[in-house]
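Numbering (UniProt numbering), first residue to last: 1 to 116.
Backbone N, C-alpha and C fix where the C-beta goes; we use that ideal spot for every residue, glycine too.
Worksheet for the structure shown next.
Below you can see the structure in the form of structure tokens.
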């Protein structure tokens, strides 16, 4: 039963990510999956974001982030959530650990972790 639940949850996450493809503020899935049945683990392969999570950004820029950077981050997250809601998907676990940062000139955030 547990095996089935894990595979079902991973498939659900993959289906959600497929339906959200194309939004620049949502992590993109590469369509690859690794399954380790002995460890009951499923790995969805997604884009790599080397700059860490929003939590990492907050910790390293506490009190020093510019107003423009903060506004940019929240605009990215609002865009991601609006895209999700437009597709009838609610994230249900929005927190700094579920957002990844990209540094391209300015800070940009992408939403991740859609229920798995």
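Where residue 30 and residue 17 are concerned, what is the direct C-alpha to C-alpha distance, given to the nearest angstrom? 10 Å
Below 8 Å CB to CB, which residues in the same chain sit around residue 33 once its five sequence neighbours on both sides are set aside? 10, 14, 42, 43, 44 and 45
Relative to the alpha-carbon of residue 6, which residue among 64, 60 and 38 has its alpha-carbon at the smallest distance? 38
Inter-residue spacing [alpha-carbon to alpha-carbon] between residue 59 and residue 72: 17 Å
By alpha-carbon positions, which one of 66, 89 and 68 ends up nearest to residue 19? 89
Is it right to say residue 66 is buried, meaning 16 or more other beta carbons lie within 10 angstroms of its own, or is it exposed? exposed
So, under 8 Å CB-CB, residue 129 and residue 100 are touching, yes? Tell me the CB distance rounded to an integer number of Å. No answer is possible for residue 129: the residues shown for the chain start at 1 and end at 116.
Neighbour-count burial assignment, residue 35, 16 or more Cβ in a 10 Å radius: exposed
Roughly how many whole angstroms lie between the Cα atoms of residue 25 and residue 82? 10 Å
Nearest neighbour of residue 50, chosen from 63, 27 and 64 [CA to CA]: 27
Between 93, 47, 64 and 62, which has its C-alpha nearest residue 77's C-alpha? 93
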